[in-house]
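Peer 1: This is the structure I want to talk about, given as structure tokens.
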Amino acid sequence: MPEVMIPTSFESQPYAQERFRRIVKLAANNHPFYQQRLNGLDSPIPLLTRNEILDDNKLLLNGYPVTARTSGSTGVPVQLSWSDERLRLEKKIVARYISWLGGELKCSRIIHLGDGKKGKGCLDVTSSVEQQVQFIQDRFQRLTAIAVTTYPTNAENLSRWVIDQGIDMSFIKRFGCYGEVFESYQEALINQAFPNAKVWTTYSSMELGLIAGRCPYEPDFHHIFAGKLGVEVIDEAGKSCKNNEVGRLVITDYFNSRSPFIRYEIGDLAAKGECPCGKINLPSLSFIGGKVRGSLTNRDGVKVQFNYLSNMLRDLPDMRQCQVIQHEIERFEVRYVTALEGQNEKVFCNNVTNVFNDYFDYSPTIKFTKEQELKREVNGKFYASISYV
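Counting in this note's numbering, the sequence shown runs from 1 upward without gaps.
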């Protein structure tokens, strides 16, 4: 049998090389999806895109039951199947990360429930901030629950309310965020509202589970769970990025034999880096930029991070909430919430236009849509930017 061609990102990683060989050979010999798409093991293993999966998701499932699916917030969801063994592995990984934080704590989870579902110690994220505060206080008083877990955008709203109302949340010792890109200004709000809480974040996906967890010693880094996943960061030419160089994330799940994800371009941007903690012997990411669908594209066809534009828009006076949608290269829609009206609102929109012009160095077309509230997607998350380009 020909030898598997190993991605250059794994050249100095014997474990990654061995695990990559195993899953590729298994898929090439036994899985119809990969038997159909691989030209040969001695050729570079092609990237797997979301669209390629959707072209024949049934074949990727290979007769196994659907155990999970992506949110489908901006398109058709990807369906996948995990074995009981793969699920047990994931639980071990989650437990390992919790151990980094100091062990399990009783927690109040404010997350997406949907369809009338209930979860132990959970409140639906669409609940009002007043209800969320009462929920946290009640669980502390009854059960000594001293941890909170939610999404970053909800953490932002919750923290602002706690600060504005002068509510004492000093009893919370741990605050976790996941599921969305986590911004530094959101963490600053959490630190102000929950002054005694240790903040943690994770990076995960439905397809692959927990990908990386924030280092408890060096919070600028997230350690990759390299025992179960092979992670590459590549540039537009497909070459491995240098440390701290932002590129496209490509991930291989070493242990999902039912519906293998091999060199899966997940659609996220990130950068690798060397964490200086010296305590956790795992590779790390120095930057996580989130979904490519949330990054914007300029007229040269180059992807640009939304984070910077987001910061500029957020700092505008009287901006309460904002979402940017890129429909075409130079055609945007800005959905916004503000209390301004009349001439003051016109000035506000002109200021938004100026921010776009400065950011892109040219003048795209912008449609303004005023909203009373920007609601979450059906999966409970909020996307500050969506690009259809």
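Ideal Cβ placement from N, Cα and C applies to all residues, glycine included. Keep in mind the model is a prediction, meaning the values are calculated, not measured.
1. So Val337 is in the beta strand (DSSP E); what residue range does that whole segment cover?
2. Compare the Cα-Cα distances from Glu341 to each of Met319, Ile23 and Leu101 and report the closest residue.
3. Ordered along the chain, which non-local residues of its own chain (more than five positions away) have a Cβ less than 8 Å from that of Arg69?
4. Taking the C-alpha atoms as reference points, what is the distance between Val231 and Glu274?
5. Would you please state the rounded distance, in angstroms, between the beta carbons of Cys107 and Val148? I believe it to be under 8 Å.
6. Just how far apart, CA to CA, sit Asn311 and Tyr185?
7. Give me the Cβ distance between Arg50 and Gly267, rounded to the nearest whole Å; I'm assuming they're in contact under 8 Å.
8. Measure the alpha-carbon distance for Lys173 versus Lys198 and round it to whole angstroms.
9. Using a Cβ-Cβ cut-off of 7 Å (strictly less than) and excluding sequence neighbours within five positions of Glu156, which residues of its own chain qualify?
10. Whether or not the segment 327–339 and the segment 256–271 are in contact is what I'm after, with contact meaning three or more pairs of Cβ atoms, one per stretch, closer than 8 Å; do they touch?
11. Measure the alpha-carbon distance for Phe221 versus Gln192 and round it to whole angstroms.
12. Could you tell me which uninterrupted beta strand (DSSP E) segments, each at least 3 residues in length, are contained entirely in the segment 7–62, listed from first to last along the chain?
13. Hey, quick one: how far does the beta strand (DSSP E) through Ser387 stretch, first residue to last?
14. At what residues does the beta strand (DSSP E) containing Val233 begin and finish?
15. Assuming the contact rule is C-beta atoms closer than 8 Å, Gln132 and Leu158 should be a hit. Round their C-beta distance to whole Å, please.
16. Using the beta-carbon count (16 or more within 10 Å), is Ser12 buried or exposed?
17. Quick one: is Glu156 near chain C, going by C-beta distance under 8 Å?
18. Quick one: what's got a C-beta closer than 6 Å to Gln372's C-beta in the same chain, skipping five residues either side?
19. First and last residue of the alpha helix (DSSP H) that includes Val324?
20. Can you check which of these residues, Ile224, Asn29 and Ile45, is closest to Pro7 by C-alpha distance?
21. Output the distance between the C-alpha atoms of Arg19 and Asp124, rounded to the nearest integer angstrom.
22. Answer with buried or exposed for Thr338, where buried requires no fewer than 16 other C-beta atoms within 10 angstroms of its C-beta.
23. Between Ile111 and Thr153, is the Cβ-Cβ spacing less than 8 Å?
24. Looking at the unbroken beta strand (DSSP E) that takes in Ala147, where does it start and where does it end?
25. Measuring alpha carbon to alpha carbon, tell me which residue in Leu26, Val4, Pro2 and Ser9 is nearest Phe255.
26. Do you know whose CA, among Arg299, Leu208 and Cys241, lies nearest Arg86's CA?
27. Give the C-beta separation of Ala367 and Glu333 to the nearest angstrom, bearing in mind that I take them to be a contact with Cβ-Cβ under 8 Å.
28. Which parts of the segment 64–119 are runs of the beta strand (DSSP E), unbroken and 3 residues or longer, counting only runs that do not cross its ends?
29. Quick one: is Thr252 buried, meaning 16 or more other Cβ sit within 10 Å of its Cβ, or exposed?
30. Distance check for Asp361 and Leu113, CA to CA, integer angstroms please.
31. Name the DSSP bridge partner or partners of Ser205?
32. Ends of the beta strand (DSSP E) at Phe140?
33. How close, in whole Å, do the beta carbons of Ala271 and Leu285 come, if the pair is a contact with beta carbons under 8 Å?
34. Measure the CB-CB distance between Pro2 and Asp42 and report whether it falls below 8 Å.
35. DSSP on Thr365, reduced to helix/strand/coil?
36. Just to confirm, are Ser363 and Phe306 a CB contact at a threshold of 8 Å?
Peer 2: Looking at the coordinates:
1. Unbroken beta strand (DSSP E) run through Val337: Arg331 to Val337.
2. Nearest option by C-alpha distance: Met319.
3. Pro77, Val78, Gln79, Leu80 and Met206, listed in sequence order.
4. Here the alpha carbon of Val231 sits roughly 14 Å from the alpha carbon of Glu274.
5. Sure, about 7 Å apart at Cβ, within 8 Å.
6. For Asn311 and Tyr185, the distance between alpha carbons rounds to 9 Å.
7. Cβ atoms of Arg50 and Gly267 come within 8 Å of each other, at about 6 Å.
8. Cα to Cα, Lys173 sits roughly 6 Å from Lys198.
9. Within the same chain, Cβ atoms closer than 7 Å to the Cβ of Glu156 are found at Gln186 and Leu189, the five residues on either side in sequence being excluded.
10. Short answer: they don't touch.
11. Cα-Cα distance, rounded: 22 Å.
12. Complete beta strand (DSSP E) runs here, min 3: none at all.
13. For Ser387, the enclosing beta strand (DSSP E) begins and ends at Ser385 to Ser387.
14. It spans Leu229 to Ile234 - the beta strand (DSSP E) in which Val233 sits, taken as one unbroken run.
15. 6 Å between Cβ atoms; contact.
16. Burial call: exposed.
17. In the displayed structure, chain C is absent; only one protein chain is listed.
18. Taken in chain order, the list of residues that qualify is empty.
19. For Val324, no alpha helix (DSSP H) run applies; the uninterrupted beta strand (DSSP E) run containing it begins and ends at Gln321 to Glu328, by DSSP.
20. Among Ile224, Asn29 and Ile45, the Cα nearest to that of Pro7 belongs to Ile45.
21. In this structure, the straight-line span from the alpha carbon of Arg19 to that of Asp124 is close to 39 Å.
22. Buried: at least 16 other Cβ atoms inside 10 Å.
23. It is not a contact, given that the beta carbons lie outside the stated cut-off.
24. Counting along the chain, Ala147 sits inside the beta strand (DSSP E) bounded by residues Ala147 to Thr150.
25. If we check each option's Cα against that of Phe255, Leu26 comes out closest.
26. Ranking Arg299, Leu208 and Cys241 by Cα distance to Arg86 puts Leu208 first.
27. Strictly speaking, residue 367 in this sequence is Lys, with Ala absent from that position. Right, the Cβ-Cβ distance comes to about 5 Å (below 8 Å), so this counts as a contact.
28. Given a length threshold of 3 residues, each whole run of the beta strand (DSSP E) inside the segment 64–119 is given here in chain order: 107–111.
29. Thr252 should be labelled buried.
30. If I take the Cα positions, the gap works out to 42 Å.
31. The partner list for Ser205 (beta bridge, DSSP) reads Gly209.
32. First-last for Phe140: Val129 to Leu143, but that is the alpha helix (DSSP H), not the beta strand (DSSP E).
33. About 7 Å; that satisfies the 8 Å criterion.
34. It is a contact, given that the beta carbons lie within the stated cut-off.
35. In the three-state DSSP reduction, Thr365 falls in the strand class (E or B).
36. No; because the gap between Cβ atoms is not below 8 Å, this pair is not in contact.
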